[in-house]
Structure formats: structure tokens, C-alpha cells
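A.B. asks: Protein chains in written order, with UniProt numbering: chain U, 1 to 172; chain Z, 1 to 604.
All C-beta atoms in this analysis are idealised placements derived from N, C-alpha and C, irrespective of residue type, glycine included.
Pasting in a structure now, in C-alpha cells, and then I'll have a few things to ask.
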Amino acid sequence: MQQNAPGSAVISLLVDNESGALARIIGLFSGRGYNIRSLTVAPVDEEGLVSRVNIVTTGTPADIRQVKAQIERLVPVSRVVDLSSAGPHVAREMALIKVVSSGEPRTEALRIAQAFRARAVDTTASSFVFELTGSTDKLDSFIELMRPLGLAEVSRTGIAAICRGPQTIQSH
Amino acid sequence: MTPKTASATMAAQTPTTLPGAEVLMRALAEQGVEVIFGYPGGAVLPIYDALFRQNHIRHVLVRHEQAAVHAAEAYARSTGKVGVVLVTSGPGATNAVTGLLDAMMDSIPLVCLSGQVPTALIGNDAFQEADTTGITRPVTKYNYLVRRPEDLAPAVHEAFAIAQSGRPGPVLIDLPKNITVGDAPYVGADQVKPRTGKVQVDPEREAVARAVAAMKKARRPLFYTGGGVINSGPEASEGLRKLAKLTGFPVTSTLMGLGAFPGTDKQFLGMLGMHGTYEANLATHGCDVLIALGSRFDDRVTGRLDAFSPDSFKIHADIDPSQINKIIHVDLPIIGDVGRTIALMIEEWEKQPAYEHKAELAAWWEQIEAWRGLNCLRFNQDHAPEAIIKPQQAIQRIYELAQETGRDTFVSTEVGQHQMWAAQFFKFDAPNRWLTSGGLGTMGYGLPAAVGAQIAHPDALVLDVAGEASTLMNIQELGTIAQYRLPVKLFIINNHYMGMVRQWQELLHGSRYSESYSDALPDFVKLAESFHAKGLRATQMDQLDGVIREALAHDGPVVVDLCVAEGENCFPMIPSGAAHNEMILGPEQEERGAKVTREGMMLV
Numbered sequence: 001m002q003q004n005a006p007g008s009a010v011i012s013l014l015v016d017n018e019s020g021a022l023a024r025i026i027g028l029f030s031g032r033g034y035n036i037r038s039l040t041v042a043p044v045d046e047e048g049l050v051s052r053v054n055i056v057t058t059g060t061p062a063d064i065r066q067v068k069a070q071i072e073r074l075v076p077v078s079r080v081v082d083l084s085s086a087g088p089h090v091a092r093e094m095a096l097i098k099v100v101s102s103g104e105p106r107t108e109a110l111r112i113a114q115a116f117r118a119r120a121v122d123t124t125a126s127s128f129v130f131e132l133t134g135s136t137d138k139l140d141s142f143i144e145l146m147r148p149l150g151l152a153e154v155s156r157t158g159i160a161a162i163c164r165g166p167q168t169i170q171s172h
Numbered sequence: 001m002t003p004k005t006a007s008a009t010m011a012a013q014t015p016t017t018l019p020g021a022e023v024l025m026r027a028l029a030e031q032g033v034e035v036i037f038g039y040p041g042g043a044v045l046p047i048y049d050a051l052f053r054q055n056h057i058r059h060v061l062v063r064h065e066q067a068a069v070h071a072a073e074a075y076a077r078s079t080g081k082v083g084v085v086l087v088t089s090g091p092g093a094t095n096a097v098t099g100l101l102d103a104m105m106d107s108i109p110l111v112c113l114s115g116q117v118p119t120a121l122i123g124n125d126a127f128q129e130a131d132t133t134g135i136t137r138p139v140t141k142y143n144y145l146v147r148r149p150e151d152l153a154p155a156v157h158e159a160f161a162i163a164q165s166g167r168p169g170p171v172l173i174d175l176p177k178n179i180t181v182g183d184a185p186y187v188g189a190d191q192v193k194p195r196t197g198k199v200q201v202d203p204e205r206e207a208v209a210r211a212v213a214a215m216k217k218a219r220r221p222l223f224y225t226g227g228g229v230i231n232s233g234p235e236a237s238e239g240l241r242k243l244a245k246l247t248g249f250p251v252t253s254t255l256m257g258l259g260a261f262p263g264t265d266k267q268f269l270g271m272l273g274m275h276g277t278y279e280a281n282l283a284t285h286g287c288d289v290l291i292a293l294g295s296r297f298d299d300r301v302t303g304r305l306d307a308f309s310p311d312s313f314k315i316h317a318d319i320d321p322s323q324i325n326k327i328i329h330v331d332l333p334i335i336g337d338v339g340r341t342i343a344l345m346i347e348e349w350e351k352q353p354a355y356e357h358k359a360e361l362a363a364w365w366e367q368i369e370a371w372r373g374l375n376c377l378r379f380n381q382d383h384a385p386e387a388i389i390k391p392q393q394a395i396q397r398i399y400e401l402a403q404e405t406g407r408d409t410f411v412s413t414e415v416g417q418h419q420m421w422a423a424q425f426f427k428f429d430a431p432n433r434w435l436t437s438g439g440l441g442t443m444g445y446g447l448p449a450a451v452g453a454q455i456a457h458p459d460a461l462v463l464d465v466a467g468e469a470s471t472l473m474n475i476q477e478l479g480t481i482a483q484y485r486l487p488v489k490l491f492i493i494n495n496h497y498m499g500m501v502r503q504w505q506e507l508l509h510g511s512r513y514s515e516s517y518s519d520a521l522p523d524f525v526k527l528a529e530s531f532h533a534k535g536l537r538a539t540q541m542d543q544l545d546g547v548i549r550e551a552l553a554h555d556g557p558v559v560v561d562l563c564v565a566e567g568e569n570c571f572p573m574i575p576s577g578a579a580h581n582e583m584i585l586g587p588e589q590e591e592r593g594a595k596v597t598r599e600g601m602m603l604v
């Protein structure tokens, strides 16, 4: 049962930084009915020829294996690793969170932000923009705590992920 | 294009610079292209001009871009080479989309060149502009929009490599007009490193050894072979024959795999799946080791998934890792070229201890022979001279009389009942002779496919077994056939219905024949004559053989209107959502029908 339970997975890939490459990956997900929870893309080599894409998706282990195999068929994709099953990994995202409030809620928001080590990157008399980096869970709980304290807007990056230890996406 | 592909690996010497269209012609010639199927238009005028001024490559002018793709598919399927298509921008490219997806689904290597508006106009809604790479991304293995002259030749070379590597498929190159008009450097194929390195061609010996060990333990084995064996090349078909002889195991095939194993061989059980034979489907259901070779467990093959071959140890050899465990969980995957897998299986079979279950295998064959004894394809034809011709009779006689000619015969089909009957009654003894739209089920495939096959094999006998509804979808290709004097024989199995639609309406929708009647049909004999072909017709039994013989003997294109019984259904049939052992048999055989479930009705 445990083996076939649906779960969340982080898939990281290296892709040639060419026009249409991202559309190919996203089109594959929508065309085959796979889910994308979050997506990050940026060039990661010196010349800017290769981009790394991190996708959080959901499904049973068999679904995830199928997703990975389908991505591997794409010509510009040179590496695909399911970080969730490849061993321990670090996954982080960043959020900018705007809180508009005054009086006691405003003080409370600042106190909680300090506890979370969120930085106030913009401050006005009636608002804060907090910058917070961490795991998805940490960001989720911070945002939940801000909700009654004047939460006005959230912008999240989606996760960047990498495996722990000396192994790399290339050596997996 | 990334510099990674080509420009970066370019040799240091100054490359030859030519107008882009000439670079294209040179690259195509270097790739060994002999024929292009295409249709001109504004955005490809420079390419057509370059075509005009060279002698290496022949162009076949079709009458619709979809037909160009199907013709190229049949050319590829019947020769093992890459089919090449040339279409203009906008509608030219969108008309090619159905054909590209057809090639994608059936793993046919194609390169489609499409014109595009000049790069400066892209995105401006220019005349005959389409986002061709956007539209064709999900229907191709890969596609290019060539934005820089230096990417042109490398893109062409890489496209041919990608189309053929691993699991073959269509590749599109979108060519803006300024790229084909302006100068571009020429680089040879040897200077391009295509991104095809991920493909695992050689299977792991250890996996093959384990597969053969399982085969040695099998008491009720079955080979289930598919189009991959054809794609792997004639050596794979040779290997399959050898492996089957060596093991004595029965062989069934998918629609796409027909011809890889001789249809007339005693070890061949016929096609499996929805309209497969009784013996093939019951063997699939009852086997204890199922050896899938270059097949992909398509829903037309499996029927109800939880009842598919329930007690077997499943071995799946395929070059495309994404096919493993996609639909059916298999016990032993083997990634690699199926021809090489078969060759290794033969080595391992001879190396490992002798097969010990000969008695059980003999009992399995006895069981299979009992199923075969039902004669599931038998139909009752009244042989009175004025009797109405049954479609099965027509197709069987086309096969038998074509056999009598002794000529190398290529058969294309449209899609529907006639296609399934052709698959059942034609016994192909060689690969690459059977040209049909399997995965996509594209009505209108057959006539342009016959064009492609006849262009590739000018001296062969090329037949299109068609239905009257399907063939009207690309009937304009009679013009192409006339222009190139292609002696294609178009046999229209004319039952005045979209037969398969009518059959499903009868079985699943209370015989409410909603919009499936072929009303207002043309007079096919006169239609043939207006396209400079011979037109023939048979309406009753005493005309059938004579008309087929006359068509086969005629040294030119023929359209034969075979007016057949309207109400015949194609059996056996596994209704949607049913298992292999719940087949519906014809009225001639014992009736043991399965109920069509509500879930089954939702399936197509």
C-alpha cells in the first residue's frame, strides 16, 4: 500500500537553454495529465547554455517513474533526477509576503517574523514586506500565521532543490 | 538551436557559404534523400526554386499536405528510410499536423520541412503565419525554428539523426523565408554531433539471460510482437523467425507488427486484441510467460487492464523506456533495440540448459489448436452468381488473387472495418509490406500511403484496401496517382456506411445509426475515369473475381467499387471494457457474448 500511495516528488532536470524548451516540458505535463505544483527555471552554467528546472509534482511512485521516463525522451533534456527517490536532498524556496496592519497585529507580525528569521525588506507605517527562505512547510506555516495579522499578498518562487552530499545531478 | 549541437563542433576551416535553400538541398542530398513529398506556397518558393535547379532529389507533388505526410510515412515504412515532406507556412503546416501525429503514434521516421514567414515578421500575424513549432510540438519527436543561418545545415543533419534514433518519429524544421533566401554556411553531417546519446541500443545481457531463464521455465509461453520489430529492420524479423523456430513458442502480433513473422506460418496465431483471433486472444489470456517484443500494450491490444493476461510472467523488450510499466506492470523489462534483444535471446537460449517442458508445450499447442479449430474468421458467403458479396469475401479474394500474381505486394488501408478484415485475411510473409494507420487511426491514410509505397517501389503491386467513407477523405490523391502514372489499385469495400461506426452503434447504441450512412456517394467508376484511371465495379458474386483479376492485371491505376453487404460486422470483437476471454464471435461461431459495461461505453 505504502509503495503505491500518491505523494509529492521533486524532479530536477538539465535542459539546453533553447527557445521552446520550457514549453516542451510544460506541454508534456499538461498533455499527459501530470500535475505541476511548483516550477523553477534558470540558467546554471557559465555560458548560459544549460538551464536547471525543478518541478514539484504529485503521484504514485509508478506515476513519478512514468513522468521521469517521459521527460527523458525530450531531446533538449540531458539529465533527469527524481530527487525524492534518489536520496536525501535540500529543497528551499523564497517568498515575499506583504502584511498590511497597525497596532497590536503589526507588532505581532514583526515578532513572528523575527522568530522565523524573516527579513523586512520593505517597511511603511502601515505595511511590511517580509522576505523568507526555507522549506515549503516553513513558508506555509509562516503565511498561515500572518493571515489573521493583515496578510495582503504573497509571491513565492517555487522550490530550488539539490541533493545532499558530494553527489551531483550529473553523477546520479 | 543551442551552440552545443552543431555550430560549436564545426571544424575550424571556413565553411562554404550558399543561399539557404541550396544549403538545405545539399544537406538533404548528403542525408541520402531521393524523394520529397510536398506542395509549394509563398514561404517555400526559394526552396522550390532550389529544387528546380538540382538533379539529386525528386519531388512528388501531392494534392493536399496531409497526403504528403502519409505518402512519406508509407515511403519510410516500406523502405526503412526517412520520409521527407515539404510544405508551406500557415495552412500548409497545419494541414500536415494529422500526418505528423500519425507518424508519431506509429513510430515512423520523417523529416517535415515547413516554410515560415521571415524572422522579422514572426509574431506579427503575417500572411500565412502560424506558430508552427508551437502547434507541432506535441505531435513531433522534436522540432526546430531556424532563426540563424548557421543553424540551418546542423538542424537538418540532426533532424535526420533524431528521426531515426531510438524509437523513430517525425521531426519538423520550420524555415523562415529570409533564412532560405539569405546566405548560410554549409556544414557536413560529420561535423554535427546530434543529441541522440541517451538512447540505449544494446540490451543488458543479464536482463536477457533472466528473460530466457523464464522462457525455459514456461509451460504456456507466447511471443507478442509489435511494430518495433519492423522498425528495427529486416534482421529483427529474421531473428524473430529463428527464435520462434528454436523455441517452438506460438507468436501473435499487433496490427503494426504484421509481417515481422510470416502470416502463413503454423506458429502464427494471427493478430491479437480487439479484432484479433480467438486463438491469439485466449492464448494471451492463458499464457504463463508473455514475451512482448517491440510492442506497447496499446488499449486495442489489452482490453480490460485488470484482466489482461492475468497469470503470466511478463517480459517487455522495448527501446523506449517510457513504454515500460506505462499501462501494464511487467516483471522483466529489457531496454534496447528489439532486434539486438532477439539476437541475444537466441544466443542465451542455445547457451542455457535445454528446455524441459516440451510435453507441457505440446499440451499448450493442443489447446491452441482447439481454439483455432473454432475458425473464428469463418463467414458464410452465398456463392450463387447473383448473391450479394460479403466484405470479408471481397477482401479474402483480393488477398488470394494478389497472391496468385506472384508479385511483391504492398498493402495500405484506410481505417475501419475493412482495415481490420484486411489485417485478419492478408497473410504477410515479409516485413514492411503492410501500411496502416494504427495508433492514430487516421481515415484517409490509405490512398496517399499507396502513393508513397508505389513511388518507393515502382515495380511492385500496390493495393489500397479502402472503405468508401475513409477513401473520400483523401480522394484528391487520384490526381497525384494520375500525374505520376502510379499503377495503384484502389479497392473500395463499399457498404454505404462508416462500417465500424455503424457496428458500434449496432452493438452499443441500440442500432441508432446516427450520421454513419454514406449518403450521396459519387459514382466511383466515373470518378476514376475523370482522374484518368480505370474504373471497375462488382455488385454480385459472379463479378467479384473477374473484376479483381482485371484490376490486378491492368497496367495503370484502377479504382474498384466493390459493392458489398451493408450490415456485416467485424468479428471476433472484444467489446470495450471487456477481457480477452469475453470475446464476441461472429454469427457463424458459438455465441458467448460479453456484456458491454457502462465503463466500456465510455471507452472508444
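1) Which word fits P522 (chain Z), buried or exposed, when buried means at least 16 other C-beta atoms lie within 10 angstroms of its C-beta?
2) Give the secondary structure of A456 (chain Z) by DSSP, where H, G and I count as helix, E and B as strand, and everything else as coil.
3) With a threshold of 8 angstroms between beta carbons, is Q66 (chain U) in contact with chain Z?
4) Taking the straight line between their C-alpha atoms, what separation do you get for A430 (chain Z) and V181 (chain Z)?
5) Which residue marks the beginning of the alpha helix (DSSP H) containing A115 (chain U), and which one marks its end?
6) According to DSSP, what are the bridge partners of T252 (chain Z)?
7) So, for A42 (chain U): in the same chain, excluding its five sequence neighbours on each side, which residues have a beta-carbon less than 7 angstroms away from its beta-carbon?
8) Measuring alpha carbon to alpha carbon, tell me which residue in Z:S322, Z:F37, Z:A74 is nearest H59 (chain Z).
9) Please list, in chain order, all residues of the same chain as H70 (chain Z) whose beta carbon is under 6 angstroms from its beta carbon, the five residues on each side excluded.
10) For R147 (chain U) and K98 (chain U), I'd like the C-alpha separation in whole angstroms.
11) Under 8 angstroms between beta-carbons, which chain Z residues line up against R24 (chain U)? List them in chain order, please.
12) Distance, Cα to Cα, S165 (chain Z) vs T196 (chain Z)?
13) What in chain U is Cβ-close to K326 (chain Z), meaning under 7 angstroms?
14) Does the stretch 359-373 of chain Z come close enough to the stretch 312-323 of chain Z to have 3 or more Cβ pairs within less than 8 angstroms?
15) Any idea what DSSP makes of G286 (chain Z), helix, strand or coil?
16) In this structure, does DSSP put G239 (chain Z) in helix, strand or coil?
17) Is the stretch 34-49 of chain U in contact with the stretch 98-117 of chain U, if contact means three or more CB pairs nearer than 8 angstroms?
18) So R37 (chain U) contacts chain Z; which residues on that side make the cut at Cβ distance below 7 angstroms?
19) Roughly how many angstroms lie between the CA atoms of P310 (chain Z) and A578 (chain Z), to the nearest whole one?
20) Please list, in chain order, the residues of the stretch 79-103 of chain U that have any C-beta partner in chain Z closer than 7 angstroms.
21) Using the Cβ count rule (16 or more neighbours within 10 Å means buried), how would you classify N4 (chain U)?
22) Along the stretch 167-184 of chain Z, where does the CB come closer than 7 angstroms to a CB of chain U? Name the residues.
23) Locate the beta strand (DSSP E) running through I169 (chain U), then write down its first and last residues.
24) Looking only at C-alpha atoms, which of U:F128, U:S30, U:R65 sits nearest to L151 (chain U)?
25) Taking the runs of the alpha helix (DSSP H) that are 4 residues or longer, which of them lie wholly in the stretch 114-196 of chain Z?
26) Since E73 (chain Z) and I108 (chain Z) should fall inside the 8 angstroms C-beta cutoff, what is the C-beta to C-beta distance between them, to a whole number of angstroms?
27) Please identify, using Cβ separations under 9 angstroms, the residues of the UniProt domain "Thiamine pyrophosphate enzyme central" (208-342) of chain Z that lie next to chain U, in order along the chain.
28) Count the other C-beta atoms from every protein chain shown that fall within 10 angstroms of the C-beta of Q66 (chain U), then say buried if there are 16 or more, exposed otherwise.
29) Can you list the residues of chain U that K534 (chain Z) reaches, using a CB-CB cut of under 9 angstroms?
30) I'd like the list of long-range same chain contacts for R79 (chain U), defined as Cβ closer than 7 angstroms, with 5 residues on each side in sequence excluded.
31) Contact criterion: CB-CB distance below 8 angstroms. Does E46 (chain U) meet it with respect to chain Z?
32) Would the stretch 432-441 of chain Z and the stretch 16-30 of chain Z be scored as touching if the rule is three or more Cβ pairs under 8 angstroms?
33) So with CB distances below 8 angstroms, who are the chain Z contacts of S19 (chain U)?
34) Helix, strand or coil for I319 (chain Z) per DSSP?
35) So for T98 (chain Z), helix, strand or coil by DSSP?
36) Going by beta carbon distance, what residues of the same chain come within less than 8 angstroms of P19 (chain Z), once the five residues before and after it are set aside?
C.D. replies: Result, derived from the coordinates:
1) exposed
2) helix
3) It does; some Cβ of chain Z falls within 8 angstroms.
4) 45 angstroms
5) 104-115
6) In DSSP, T252 (chain Z) forms a bridge with Z:Y224.
7) S51, R52
8) Z:F37
9) Once the five neighbours on either side are set aside, the close Cβ partners of H70 (chain Z) are G99, Y445, P448, A449.
10) Rounded to the nearest angstrom, the gap between the Cα atoms of R147 (chain U) and K98 (chain U) is 10 angstroms.
11) R137
12) 7 angstroms
13) Q66
14) no
15) helix
16) helix
17) Between the stretch 34-49 of chain U and the stretch 98-117 of chain U, the count of Cβ pairs shorter than 8 angstroms is below three; the stretches do not touch.
18) Per Cβ cutoff of 7 angstroms: no residues; R37 (chain U) is ~22 angstroms from chain Z at best.
19) 13 angstroms
20) none
21) exposed
22) Under the 7 angstroms Cβ criterion, the stretch 167-184 of chain Z contributes no residue.
23) Segment: none, I169 (chain U) is in no beta strand (DSSP E) and carries neither H nor E.
24) U:F128
25) 132-136, 152-164, 177-181
26) 5 angstroms
27) D320, P321, S322, Q323, I324, N325, K326, H329
28) buried
29) Per Cβ cutoff of 9 angstroms: no residues; K534 (chain Z) is ~45 angstroms from chain U at best.
30) L13, L14, I169, Q170
31) no
32) no
33) Result: L145, R147.
34) Here I319 (chain Z) sits in coil by DSSP.
35) helix
36) P46, A50, T180, V181, G182, D183, A184
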